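Below: one structure, written as structure tokens.
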Amino acid sequence: TSPLHQPGTGDAGGMNVYIVELAQRLAAINIEVEIFTRSTTAALPPAVELAPGVLVRHVDAGPYEGL
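Residue numbering for the sequence shown follows my numbering, starting at 1 and increasing by one per position.
Structure follows, in structure tokens:
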């Protein structure tokens, strides 16, 4: 699931929290981070800034509904 999803909703959980924390800590020491995740809807923008230095890119891969 996307690190932008709220933990505890759908399939979002501990891995999302870990990825977000790791990305933010790397960005805090001036390492730019890009996270690639599968698009779940056509309405999502191609990229979203999660935090300064952390970019989430949505990749079109297969149908938007669950795999």
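We treat Cβ as the ideally placed atom computed from N, Cα and C, and that holds for glycine.
Note that the coordinates shown come from a computational prediction; the quantities given were computed from them, not determined experimentally.
Per the C-alpha coordinates, the member of N30, I35, I29 and Y64 positioned closest to Y18 is I35. Closest by C-alpha distance to Q24, out of A43, S2 and P52, is P52. Under the three-state reduction of DSSP output, I29 falls in the coil class, being neither helix nor strand. Per the coordinates, the alpha-carbon of M15 lies some 15 Å from the alpha-carbon of R38. Residue environment analysis places V56 among the buried positions, since at least 16 neighbouring C-beta atoms fall within 10 angstroms of its C-beta.
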